[in-house]
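**Q** Protein chains in written order, with the numbering used here: chain A, 92 to 205; chain B, 362 to 473.
Beta carbons: idealized from backbone N, C-alpha and C, even for Gly.
Quick one: structure below, then a few questions.
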């Protein structure tokens, strides 16, 4: 099994540009989570999907952030327009049936907004 | 509001020493997970504790869940350089969130 796949691994962009982060969960997992990690705030849950449906998006910082899961094998997190304070490592994780079971994390995307 | 407080934030000790790190909260969790994260990688699950008072052992690592299911500790015996990493605790089912609520972690460095 390839594990959770995220792309790109690194992204450097300028303020105001659109950024799209991609995630392929582990086959057979029906829950997908997007997290953001910074030194100041640690690891924060942004949004959680179950069976491709957004269940909890209370962690999404503001309207500039949006996430989609068009099918069971693909999800995107989009930031438009990006700002320097969005710089962080963004992780995608998947699990079978929610957070009560082990979450498997991808390697993360390190985003730098100049 | 940080639901899970981890202490210490940073810890550097010599190989062979013992250590304990803590994870405390005012919230009750249905279960609590401990993850370890290495630089450039995502967190990897070490253990899940579910029952108040539960103790789980994973080789030299001992995990304990508080009786009230609000706090937990991780004890490492005879630390090795390979134990170096960021140790994160994560609560499940607290504060109304469906995802995991993570602490900020303990950065552990084991020096040879």
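1) Should residue 196 of chain A and residue 95 of chain A be called a contact, given that it needs their Cβ atoms to be closer than 8 Å?
2) So which residues on chain B does residue 134 of chain A lean against when the C-beta distance must stay under 7 Å?
3) Between which residues of its own chain and residue 378 of chain B is the CB-CB distance below 6 Å, once the five residues before and five after are set aside?
4) In chain order, what residues of the same chain lie with their CB nearer than 7 Å to the CB of residue 375 of chain B, ignoring the 5 residues before and after it?
5) May I ask which residues mark the beginning and end of the beta strand (DSSP E) holding residue 417 of chain B?
6) Just how far apart, CA to CA, sit residue 434 of chain B and residue 394 of chain B?
7) Quick check on the burial criterion: 16 or more other C-beta atoms within 10 angstroms. Buried or exposed for residue 470 of chain B?
8) By how many angstroms is the C-alpha of residue 142 of chain A removed from the C-alpha of residue 466 of chain B?
9) Report the partner residues of residue 184 of chain A according to the DSSP bridge assignment.
10) Given that a residue counts as buried once 16 or more other Cβ atoms are within 10 Å of its Cβ, and exposed if not, what is residue 362 of chain B?
11) Looking at C-alpha atoms only, which residue of A:194, A:176, A:107, A:174 is the closest neighbour of residue 182 of chain A?
12) Take residue 198 of chain A and list the residues in its own chain whose beta-carbon comes closer than 7 Å to its own, dropping the five residues that flank it on each side.
13) To the nearest whole angstrom, what separates the beta carbons of residue 124 of chain A and residue 163 of chain A, a pair I think is in contact under 8 Å?
14) Which residues, taken in chain order from the stretch 392 to 404 of chain B, show a beta carbon closer than 9 Å to some beta carbon of chain A?
15) Note down, in chain order, every chain B residue with its Cβ under 9 Å from the Cβ of residue 198 of chain A.
16) Beta strand (DSSP E) containing residue 160 of chain A: first to last residue?
17) Any idea what DSSP makes of residue 148 of chain A, helix, strand or coil?
18) Taking CB distances under 8 Å as the criterion, tell me whether residue 203 of chain A reaches chain B.
19) Anything in the stretch 98 to 127 of chain A with a Cβ closer than 7 Å to a Cβ of chain B? List those residues in chain order, please.
20) Whose C-alpha, out of B:449, B:461, B:454, B:462, is nearest the C-alpha of residue 370 of chain B?
21) How would you list, in chain order, the residues of chain A whose beta-carbon sits under 9 Å from the beta-carbon of residue 443 of chain B?
22) Within the continuous beta strand (DSSP E) that includes residue 102 of chain A, where are the two ends?
23) So what does DSSP say about residue 176 of chain A, is it helix, strand or coil?
24) Once the 5 residues before and after residue 373 of chain B are set aside, which same chain residues still bring their CB inside 7 Å of it?
**A** Looking at the atomic coordinates:
1) Taking the C-beta atoms as reference points, residue 95 of chain A is found nearer than 8 Å to residue 196 of chain A.
2) 449, 463
3) 440
4) 472
5) Run containing residue 417 of chain B: 416 to 419, per the beta strand (DSSP E) assignment.
6) 11 Å
7) exposed
8) Those two C-alpha atoms are separated by around 30 Å.
9) A:124, A:196
10) Its pLDDT being 48, under 50, residue 362 of chain B is placed unreliably by the model, and the measurement read from it follows with that caveat. Residue 362 of chain B should be labelled exposed.
11) A:194
12) 97, 100
13) At roughly 14 Å, the Cβ-Cβ gap does not stay under 8 Å, so residue 124 of chain A and residue 163 of chain A are not in contact.
14) 392, 394, 396, 398, 401, 402, 403, 404
15) 401, 402, 403
16) 156 to 162
17) coil
18) no
19) 124
20) B:449
21) Result: empty, since nearest Cβ-Cβ is about 20 Å, beyond 9 Å.
22) 101 to 104
23) helix
24) 470, 472
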